[in-house]
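Numbering that gives the first Met the number 0 puts the sequence shown at residues 0 to 1212. Everything below concerns the one structure shown next.
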Amino acid sequence: MSGKDDAEEHRRYTAPYSARNPIPTISKYREERAARQEEALHKSNDVEESGTNEYLSQQKSREDPGPRPESDDTKQDGIDKGHDDEEVEGIKDTSQIEGQSSDPKKRRKEMKKHRKERAEREVTDPVTHLPVTIHDFTDEALEEVGVNHPSFGTTQRTATGLDGKNKSRTQLHKEHKDIQQSHDAMGELFPPPDFDALRLEMAQISKRGVTFGLAAIATVITGTFSFERTLREDLLPVGGWASAVGGGMLWIVLAAGCAASVWFLIVSVREWMANKINNIFQDEVWDAHRRGVIKASKNHDTETTVWLNSLLGSVWPLINPDLFASLADTLEDVMQASLPKLIRMVSVEDIGQGSEALRILGIRWLPTGAAARAVGEDGKLMSAEQSDNDTGKKDGETDSTNTIQDGMEAEEGDFINLEVAFAYRTRSSSKSLRERTKDMHLYLAFYLPGNIKIPVWVDLQGIIGTMRMRLQLTPDPPFFALCTITFLGQPRVNLSCVPLSKHAINIMDVPFISNFVQAAVDAAMAEYVAPKSLTLDLKDMLAGDDFKKDTNAVGVIVVNIKRGYDFKMGDSGIPLVKDGSSDPYVSVGWAKFGKPVWSTRVLENEMEPCWDETCFILVTPQELNIDERLRIQLWDSDRLTADDDLGRIEVRIKDLMKSDDTNGRMSTRQDGFRALKSGDNMPGKLEWSVGYYSKTRIQQDQFDRQTHDPEIRTMEQLKEKVDKSCERKLRETMLKEGKKEQDINELEQQKAQELKTEQDAMIISAPPPEGYPSGLFSIQIHNITGLELDRLNKRQASNDAEATDEEDAGDGLPSAYCTIILNHRKTFKTRTKPQNAKPFYNAGCERFVRDWREAEVFVTVRDARLKEDDPLMGIVHLPLAELFRERSQVMGFWPLSGGIGHGRIRLSMVWRSVQLQAPRSLLGWQYGTIEVQPTVTVDNCPKDLRSSKLKFRTSISAAKMYTEDGNSQGMVTWKSKRDRPLALAVQSRYSSCLSIAFRDKGFFGDDTAAFSVLWLKDIVDEEETELELPIWKGDFRRATACCLKECGEKLGTIKLKVTFWSGLGSAHSRWTRRDEHLRNVVEVIETARDNLEAGRMEREVGIVDSEGESSGAARRPPSIGSNSDSSSSSSSDSDGEGSDIPDGSAGNKQGPVDQLRDYRRRDKRLHRQHRGLMQWKIPRTAKWIKHKFDRVGDKASSVLEHSSKQPGIETEV
């Protein structure tokens, strides 16, 4: 697929919760509600300004103490009263309230409040794309809704089973009468035909029948006489008795034939007339029914919904409550994001629909409207050409675009629009819990500090609202593809909160909790009030395919930042002390979103920076729908103040995707910087490269290995299959009513859509294509089942043994959240699900992976706890080479292991390769260890360098080598201590270098006499490389900061062998202790190593079949095996350390010292599982306090350090 196809393809995309799509909060909802109420009130005040003046004059006349005729007074009061009653009708019944409330001022105040609550406004309907006036529903509207009918099976009329068998004769007679009346009422649905038209048509048929019959009889008689005359003249002799007898016989035969013909004509004409009249009558009856439907639709009548409510009422109690898990999850997210500091967390522990069904008040069929045309961000309807192009650029405009509003895309294909009014009103008035369970309800749990749980039962008393929906039609079952839903105004919901404990406080007397839950429900529903909408894929939902089938991203933009020059100085200089300079770095992000998604390193005091760094930015439909622009921004980093903006460069994404220079290739550019204000220029230019790479089309090797349709092995076969399938599916719709020729466009559109669907299905059913190792990795965490903690306390374990396995919420359960670690970098974190054994997340992320064959993913589950580090409940190790060995899409359950808990996590993952074939040196990891062989040589070494020591340094690690033959005249050799390889930790491999400094002793310390620089982006992972690096004499600081070709005067060449081992190793141990996230990653790596060792021991013993071992576990993964970290290794779990410790058997008893040594050898593993010293809370709390102090110290030490705008860990909130 090319970039042009990606740019023009429009996909509806519902983004998960993220920084760009935050979780709705109560405060945000209240602000929006107050804004629209004030706007509606302001409009109503403008309309009523003239009426207000008249009202004041009437009030003045009333207050006049002078004499006034009683009749006029009475008449005026009657007019005013009637007018006010008309205005407040439907709001409040004033006949039973105090007399003072009849004051017109008070009534007008109530009307003003009523209009404010309704907040009547005009918005763009996301279904029809036409303006519509909507309003929010109020409490008065909810009170007017009648109660539901008795639920199915609760009355004798709907009884089934044994109750249905025991019906009395009286009841059966009554039901028989009701059924007959219903049948008669059904017949009345057909209106009488048009008798005038029917009379004229029957008269015409009668005339035609009579005319045809008489003409036919005359023709038969005339023909008979003519035939008799011809036969008499030709066959019979003239005269004699023979002629008389023959003539008589002839007349008898001809008369009989004539009579038979006349009889046949009469019967045929009668039958034709009867059939014709019957057909006309039937046609007229159905035409009359159609005209009645059209008339009702023109009168805005709704369809009868009695049958639908009866069906819904009978099915409603049978619906699995798990279907409402996503609704409960959304509500929990809203409340969790809006919690005050007093409450630690809240969880929706149960949701039930009860036995009282939601009631449909009416259904109305809507015209298609302008749904086939898009709506711009300005709320105006686009033209057909703009909707087709999806560019939205107006004629004559160059610097402004009219992008498509989110959720207002043009609908393609066939679709229908509906409007549905719904309501719910509980019939239960009892205070018992048994009666309340018949209603829709929620079971909430509020957790206060100290883990104090307050259970709350939330009873849904009523709801009323109106929504519109658009259903996209498809020829395949279930015949509906996408469904767009929007509420016409804020639905009104009435809730009741009651305590579940008799000794607890009355929740209804605490306004905070009831108002909080009410506001949370309103805020969740406000996300789908017009002009906002919700788009669902009914085809996948009804088929149960809720797992990932494709990546949301359509491609990737590759940006290489090379160098900048002639830009503005960010830091002014001090005369005679310091010259002006800048600490520049470049960020890459989206212009409309504003937040950078990647940035280069900071180069201190540099006016000619050379970065040569590359980033990969995913392009999703979310960016395409709003016509995003790629922003390259130059910054000056400041230690204590905000960074200074030195200029920016912006390029439209769609231009990059469609241009031949950047579509599928890298294009080198030199662009000048611009200021924040449009049109203003900034000094300086940037040399950079950019290119767009879309997802690969299906390759021949994927055709050969795909399992979706084994009979298809070439593209020609696939196209032939799609052509036949589409022509067969659309053969009935190609000739529609009112069309006289085939709709070729619809057929071609269906072919293109089905061809893409088939290609995507084949791609995910085959392994990734060969030759394209880079691509998009998408992972989604659905839910966890059977999540529980290990019970280390015997008493607690015995008590828990009596509990049922079906308990999925309550005390003692973990508050779990998940993290995703890609190539040892924590990239994503889900929200926390408080105390739930079956947490539902449905969250995930997408990342660009340089090489799927060497990448690995860890999914971890942790328990959020107070005043202690979040313990690891379990991990899932996913090497992508093993995961996508057979197919590019995987979904299933994986067990959690290695932590303090158990459970099974459901994941779905998809891989899609992109058309990028980068050099092998760019396919590695960011984290790693650079291993230098212990011997380094220099030929023809200068005399002043022969006695120098070599200092190897990365950004976070350093090591030294010393010369052995410093007085030698030829080749000089340097070696490490103990003759072991050097292992230096690397943090950001593609933005850092390995520097080799020749250090001499000076008066104030060691001086750098010469140096060599190796940029780690130029070597390949896990391959020993023999290098010859030039030795330079020059500016060492600038040479290690900027990626330069010439670093000064060349003195010679140094020879060495290096290997880059990807992943975190023991060389990183000291550095990782400073960061909480890195400590967590190291803990996960050690857990994976322990799991691998346990699995290997099980195979050796024979517990697990050795054939089940994957090849990925047999090779040495850099994260699990040991690196070549020799002298700098600090692992306490090494095998050599415990080889001389007795095993504790009868023959090898352990003394106190041996037990202590054995515990020290296994302490990390024991502590991870909350065993040993960490089985008690006090040591865990002490460890948490220590880490808190460490974080404070790290923050204090990093205050004066330069930092770039690197993105953090992606979350849902």
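Even for Gly, the Cβ is constructed at its ideal location relative to N, Cα and C. All values reported here derive from a predicted model rather than from experimental measurement.
- The C-beta distance from residue 1026 to residue 991 rounds to 16 angstroms, too long to meet the 8 angstroms contact threshold.
- Scanning the stretch 744 to 790 for uninterrupted beta strand (DSSP E) segments of 3 residues or longer gives 774 to 788, listed from N- to C-terminal end.
- In the three-state reduction of the DSSP assignment, residue 370 falls in the coil class.
- Out of 646, 626 and 557, the CA that lies nearest to the CA of residue 585 is found in 646.
- Here the alpha carbon of residue 415 sits roughly 19 angstroms from the alpha carbon of residue 752.
- Partner residues in a beta bridge of residue 529, as assigned by DSSP, do not exist.
- With contacts defined by Cβ atoms closer than 8 angstroms, residue 892 and residue 903 form a contacting pair.
- Scanning 935, 756, 440 and 710 for the CA closest to the CA of residue 1055 turns up 935.
- Contact annotation, residue 552 with residue 775: C-beta distance approximately 5 angstroms; criterion of less than 8 angstroms satisfied.
- With contacts defined by Cβ atoms closer than 8 angstroms, residue 777 and residue 909 form a contacting pair.
- Taking 8 angstroms as the cut-off, the beta carbon of residue 1084 is found no closer than this to the beta carbon of residue 937.
- Across the set 260, 271, 170 and 223, the C-alpha of 271 shows the shortest separation from the C-alpha of residue 204.
- Sequence-distant Cβ neighbours of residue 421 in its own chain, meaning closer than 8 angstroms and more than five residues away, are 357, 358, 359, 360, 462, 463, 464, 465 and 466.
- In this structure, DSSP gives residue 887 a state outside helix and strand, which the three-state scheme calls coil.
- Boundaries for residue 1036: no beta strand (DSSP E) harbours it, while the alpha helix (DSSP H) harbouring it runs 1035 to 1040, taken from the DSSP string.
- Each residue's CA atom was taken as its position, placing residue 477 and residue 413 some 15 angstroms apart.
- Contact between residue 485 and residue 529 is confirmed by a C-beta separation of about 5 angstroms, below the 8 angstroms threshold.
- The criterion of a C-beta distance shorter than 8 angstroms is not satisfied by residue 840 and residue 828.
- Comparing C-alpha distances from residue 536 to each of 667, 638 and 548 shows the shortest one belongs to 548.
- Linking residue 889 to residue 989 through their CA atoms gives a straight-line distance of about 31 angstroms.
- If you ignore the 5 residues before and after residue 1090, its C-beta comes within less than 6 angstroms of the C-beta of 896 and 897, all in its own chain and listed in chain order.
- Residue 118 carries a coil assignment under DSSP once its states are collapsed to helix, strand and coil.
- The C-alpha of residue 842 is placed about 11 angstroms away from the C-alpha of residue 819.
- DSSP places residue 924 outside both helix and strand once states are collapsed to three, so it counts as coil.
- Nearest to residue 628 by alpha-carbon distance, out of 634, 619, 635 and 636, is 619.
- According to the DSSP assignment, residue 467 belongs to the beta strand (DSSP E) that extends over 451 to 472.
- The closest CA to that of residue 931, considering only 864, 940 and 1023, is found on 1023.
- Going by DSSP, residue 912 is part of the beta strand (DSSP E) stretching over 900 to 912.
- Per the coordinates, the alpha-carbon of residue 363 lies some 46 angstroms from the alpha-carbon of residue 650.
- When the alpha-carbon of residue 514 is set against those of 866, 338 and 907, the nearest one is in 338.
- Taking C-beta atoms under 8 angstroms as the contact rule, residue 880 and residue 852 qualify, at a distance of about 5 angstroms.
- Between residue 761 and the set 911, 631 and 779, the nearest pair of CA atoms involves 911.
- In this structure the stretch 1036 to 1052 touches the stretch 599 to 608; the number of beta carbon pairs closer than 8 angstroms is three or more.
- Comparing C-alpha distances from residue 698 to each of 714, 257, 685 and 671 shows the shortest one belongs to 714.
- Positions of the alpha helix (DSSP H) runs, each at least 4 residues long and wholly inside the stretch 975 to 1052, are given as 1035 to 1040 in order along the chain.
- Here the stretch 778 to 790 does not lie against the stretch 718 to 728, with fewer than 3 beta-carbon pairs under 8 angstroms apart.
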